[in-house]
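Notes for the one structure printed next.
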């Protein structure tokens with residue numbers, strides 16, 4: 001039986017990541033199958049991104065989020081929901097590009113890299129007030145629902161991919177399912193009250209990887 005320093009789970013990101021990956025069983029074989037699928041799945045990323053935004057635009061409560069300007073975006077902004085278009089909007093194209101980079105990174109990353117773990121953590125943090133921008137705050141109900149949808153799209157894409165053998169499909173499905181739960185933990189940690197329950201007060205500071213202090217696509221994604 002392994003001994004876990006419980007408080008350290010909430011003060012040490014790398015320790016938390018290590019614990020969750022071990023508990024879920026995400027290991028070298030999973031990484032191998034994800035990396036091997038990269039050349040097959042990467043070309044499908046634009047289709048997945050389009051499906052994600054089509055879903056986000058199908059509900060007013062999620063669509064209205066995109067009326068707020070992203071950090072680092074300096075283009076034209078729409079003023080109301082009717083003007084927003086998931087293909088014509090400059091900001092949506094900007095956001096789609098960031099999501100595409102994120103998805104590509106998921107299938108190509110060095111999962112042992114501290115910088116990558118920091119990046120995954122920042123992806124979760126920027127959707128909350130803890131990232132420093134109070135204008136874009138996404139309630140966890142929408143985050144969780146979106147994760148369920150993204151999981152359905154990604155796993156469905158893998159399950160029907162004819163360029164992978166049956167064994168590859170099964171192993172890759174299992175690996176991605178684990179990876180998505182790991183990322184979801186790094187979203188949930190900013191919504192649940194575990195920290196304060198353990199007497200920990202979290203500071204809201206800038207991204208330790210990119211230096212970004214607001215919301216939007218982390219520029220770290222462009223440097224890896």
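Residue numbers (full-length UniProt numbering): 1 to 224.
We treat Cβ as the ideally placed atom computed from N, Cα and C, and that holds for glycine.
Local Cβ density within 10 Å of residue i, reported as buried at 16 or more and exposed below that
i: residue 1; result: exposed
i: residue 121; result: buried
i: residue 226; result: Residue 226 cannot be examined here, being either before or after the span of the chain that is shown, 1 to 224.
i: residue 125; result: buried
i: residue 17; result: buried
i: residue 192; result: exposed
i: residue 169; result: buried
i: residue 185; result: buried
i: residue 95; result: buried
i: residue 91; result: buried
i: residue 38; result: exposed
i: residue 4; result: exposed
i: residue 159; result: exposed
i: residue 11; result: exposed
i: residue 222; result: Unreliable placement is indicated for residue 222, whose pLDDT of 40 sits below 50; the coordinate value is still reported in the next sentence. It counts as exposed.
i: residue 8; result: exposed
Extent of the continuous alpha helix (DSSP H) run through residue i
i: residue 48; result: 45-56
i: residue 17; result: 13-24
i: residue 81; result: Per DSSP, residue 81 belongs to no alpha helix (DSSP H) and is neither H nor E.
i: residue 98; result: 90-108
i: residue 190; result: From DSSP, residue 190 is part of no alpha helix (DSSP H); its letter is neither H nor E.
i: residue 27; result: Counting along the chain, residue 27 falls outside any alpha helix (DSSP H), and DSSP gives it neither H nor E.
i: residue 111; result: It is not in any alpha helix (DSSP H) - residue 111 carries neither H nor E in the DSSP assignment.
i: residue 4; result: Residue 4 -> no alpha helix (DSSP H), and no H or E assigned at all.
i: residue 241; result: Since the first residue of the chain shown is 1 and the last is 224, residue 241 is not available in this structure.
i: residue 68; result: Where residue 68 is concerned, there is no enclosing alpha helix (DSSP H), given that its DSSP letter is neither H nor E.
i: residue 135; result: Premise fails: residue 135 is in no alpha helix (DSSP H) and is neither H nor E.
i: residue 60; result: 60-63
8 Å contact criterion, which residue i and residue j should meet: CB distance rounded
i: residue 164; j: residue 157; result: About 10 Å; that fails the 8 Å criterion.
i: residue 100; j: residue 45; result: 5 Å
i: residue 31; j: residue 111; result: 6 Å
i: residue 49; j: residue 136; result: In fact, because the Cβ distance is near 19 Å, the residues do not count as touching under 8 Å.
i: residue 26; j: residue 154; result: In fact, because the Cβ distance is near 16 Å, the residues do not count as touching under 8 Å.
From the options, residue whose alpha carbon lies closest to that of residue i
i: residue 82; options: 58, 52 and 124; result: 58
i: residue 56; options: 116, 130, 144 and 103; result: 144
i: residue 86; options: 53, 61, 102 and 117; result: 53
i: residue 148; options: 176, 166 and 160; result: 176
i: residue 61; options: 182, 12, 142 and 42; result: 142
i: residue 14; options: 180, 117 and 123; result: 117
i: residue 84; options: 64, 182 and 97; result: 64
i: residue 104; options: 178, 5, 19 and 34; result: 34
i: residue 123; options: 188, 6 and 135; result: 188
i: residue 47; options: 130, 150 and 7; result: 150
i: residue 42; options: 183, 109 and 130; result: 109
i: residue 51; options: 174, 76, 146 and 139; result: 146
i: residue 162; options: 128, 183 and 40; result: 40
i: residue 102; options: 9, 76, 183 and 140; result: 183
i: residue 127; options: 9, 166, 6 and 66; result: 66
i: residue 152; options: 19, 181 and 139; result: 181
i: residue 93; options: 107, 130 and 76; result: 76
i: residue 36; options: 119, 129 and 106; result: 106
i: residue 190; options: 167, 174 and 140; result: 140
i: residue 174; options: 28, 19 and 6; result: 28
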